[in-house]
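Since the structure comes first, as structure tokens, the remarks are kept for the end.
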Amino acid sequence: IGNATVLTIAHRLHTIMHSDRIMVMDAGRVVEMDTPAALIANQGVFYRLAKDGGVLEP
Numbered sequence: 586i587g588n589a590t591v592l593t594i595a596h597r598l599h600t601i602m603h604s605d606r607i608m609v610m611d612a613g614r615v616v617e618m619d620t621p622a623a624l625i626a627n628q629g630v631f632y633r634l635a636k637d638g639g640v641l642e643p
């Protein structure tokens, strides 16, 4: 979709791994927001979810 904003709410991380930006929420608050690569590099909440969910390649 060109020139549009798409909001995807997902529990399965595979669904959002190719998104331009990801917003991670915890208890109704935004705790992280960046590109998937940056979130993984920061090794924060998203990284732990992706690692525990088997989304990251070994």
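Numbering of the sequence shown is given in the working numbering, commencing with residue 586 and proceeding in unit increments. Note that CB positions come from ideal geometry on N, CA and C, so glycine has one too. Please read these numbers as outputs of a predicted model, since none were measured by experiment.
**Q.** Start and end residues, beta strand (DSSP E) containing residue 637
**A.** Taken as a continuous stretch (DSSP letters only), residue 637 belongs to no beta strand (DSSP E), being part of the alpha helix (DSSP H) at 630-637.
(Q) Pull the bridge partners of residue 607 from the DSSP assignment, please. (A) Answer is 619.
Q) Among the residues of its own chain, which have a CB less than 6 angstroms from the CB of residue 630, if the five just before and after it don't count? A) Correct list, in chain order: 609, 616, 617.
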